[in-house]
Amino acid sequence: MRYRIITDSTGDLTEQLVRDLELTVIPMEFTIDGKSYRNYPDGHEMSAKTFYDLLRSGKTSTTAQINSHEFVEWAEPILQAGEDILYLAFSSGLSGTCQSAFLAKQELSEKYPDRKIFVVDSLAASMGEGLLAYYASTMQKEGKTIEEVYQWLQDNKLHLCHWFTVDDLNHLKRGGRVSSAAALFGTMLGIKPVLHVDDAGHLIPVAKIRGRRQSLDSLVAHMEETVTNPENQVIFISHGDCEKDAQYVAEKIRSKWNVKDIVLNEIGPVIGTHSGPGTVALFFLGTKR
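Those letters in the sequence shown? Residues 89 to 377, per the working numbering, in order.
Now the structure itself:
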């Protein structure tokens with residue numbers, strides 16, 4: 089039976105990957121400088137570069153979750169066309185989008201009882217969510233059933249490791265991740281926090297590193313502690329308009345392991361609202377998060 093894999097634009101996948109993987113991506117909304125936009129993979133309403141330039145100029149951004157009505161609008165034509173749906177949702181620990189999808193599933197399952205609808209709470213963000221979508225699509229192309237892909241995602245999502253560092257603590261302060269005092273003194277002392285996403289899908293500060301280069305090195309050090317079979321993995325790295333720093337992390341990884349591939353992309357405006365410019369995030373499969 090044919091099925092479609094749907095995910096959110098918070099997966100920060102490149103436009104080319106979305107096409108190659110044959111994914112359906114629901115764009116999430118952000119508002120900056122009093123105007124609302126949709127975060128499409130091709131950035132046609134606003135590019136990531138323009139977005140980060142606005143943040144650097146002092147503008148602030150807010151985001152909105154996908155509601156159940158929007159999900160129904162995206163999903164219903166697919167179900168009407170005779171396809172089942174596997175929806176990989178942005179972490180419930182960071183957004184209400186996943187809950188909206190479960191509500192929409194209830195409505196749609198009553199209306200289309202012959203169709204299968206699976207919702208997976210990725211407990212992931214940015215290209216961590218995107219990497220799960222990559223694996224799901226790869227399995228689909230290998231001929232795996234919707235049930236097999238769903239089960240693999242449920243069994244493996246807590247092995248999807250997120251490690252990232254931010255350059256500007258003030259964006260985390262606005263999101264309530266660090267206190268105003270910590271942001272002030274951390275900025276004065278050149279402190280760069282290293283964070284990860286935990287098993288509940290929440291953003292958790294792990295370490296305070298002095299200096300940008302050391303914080304980037306720390307991402308690779310954390311990978312070294314838990315990565316499994318790196319030679320068989322595709323590694324994802326996302327960044328907030330700081331490609332050189334992302335390339336630095338990629339080269340560090342290549343110098344340690346003969347990984348299958350490394351994919352880089354910008355962090356889109358929805359995630360970037362909360363992480364800010366200068367963020368570098370690393371994603372891979374490991375023994376634990």
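For glycine and all other residues, C-beta sits at the position ideal for the given N, C-alpha and C.
Counting along the chain, where does the alpha helix (DSSP H) carrying residue i start and finish?
i	result
S306	R300 to T314
V237	I234 to N244
L111	Here L111 belongs to no alpha helix (DSSP H), and DSSP marks it neither H nor E.
Y336	E331 to K344
A169	Unbroken run through A169: none, as it is neither H nor E.
E195	T185 to K199
Where does residue i fall in DSSP's three states?
i	result
M134	coil
W251	strand
I355	coil
Y223	helix
Y175	strand
V347	coil
P293	strand
D209	strand
K229	helix
D100	coil
L143	helix
G181	coil
R90	coil
S156	helix
S363	helix
K376	coil
The beta strand (DSSP E) that contains residue i, what's its start and end?
i	result
A288	Unbroken run through A288: none, as it is neither H nor E.
K123	K123 to N127
A396	Residue 396 lies beyond the range of the chain shown here (89 to 377); nothing can be said about it.
Nearest chain D C-beta to residue i closer than 8 Å, yes or no?
i	result
A169	Although the question refers to chain D, the structure presented lacks it and comprises just one protein chain.
Could you name the residues that DSSP lists as bridge partners for residue i?
i	result
F118	Y125 and T151
D256	Looking at the DSSP assignment, D256 forms no beta bridge with any residue, so it has no partner.
H327	E354 and V368
T95	V113 and L176
K280	I297
V322	D349
Since residue i contacts residue j with CB under 8 Å, what's their CB separation in whole angstroms?
i	j	result
S284	I292	At residue 284 the sequence reads His, which differs from the Ser that was named. Indeed, because the Cβ distance is near 6 Å, the residues count as touching under 8 Å.
P365	D333	About 11 Å; that fails the 8 Å criterion.
S179	Q187	Actually they do not touch by this definition, with Cβ atoms about 11 Å apart.
P357	M89	About 36 Å separates the two Cβ atoms, so there is no contact after all.
G374	H247	6 Å
F252	M311	Wrong, their Cβ atoms sit about 12 Å apart, outside the cutoff.
S210	A177	6 Å
V113	T102	Rounded, the Cβ-Cβ distance is 11 Å, inconsistent with contact.
A189	Y175	5 Å
Y223	G360	Not really, about 24 Å apart at Cβ, beyond 8 Å.
I355	A369	7 Å
I325	L352	5 Å
A378	L182	There is no way to answer for residue 378, as the model of the chain reaches only from 89 to 377.
E235	M227	The pair is not a contact, with the Cβ atoms about 11 Å apart (cut-off 8 Å).
D286	R203	The pair is not a contact, with the Cβ atoms about 34 Å apart (cut-off 8 Å).
L241	L196	In fact, because the Cβ distance is near 20 Å, the residues do not count as touching under 8 Å.
I154	T185	5 Å
V294	K340	With 8 Å as the limit, V294 and K340 do not qualify as a contact, their Cβ atoms being about 18 Å apart.
E319	K344	Actually they do not touch by this definition, with Cβ atoms about 11 Å apart.
I173	R107	Rounded, the Cβ-Cβ distance is 19 Å, inconsistent with contact.
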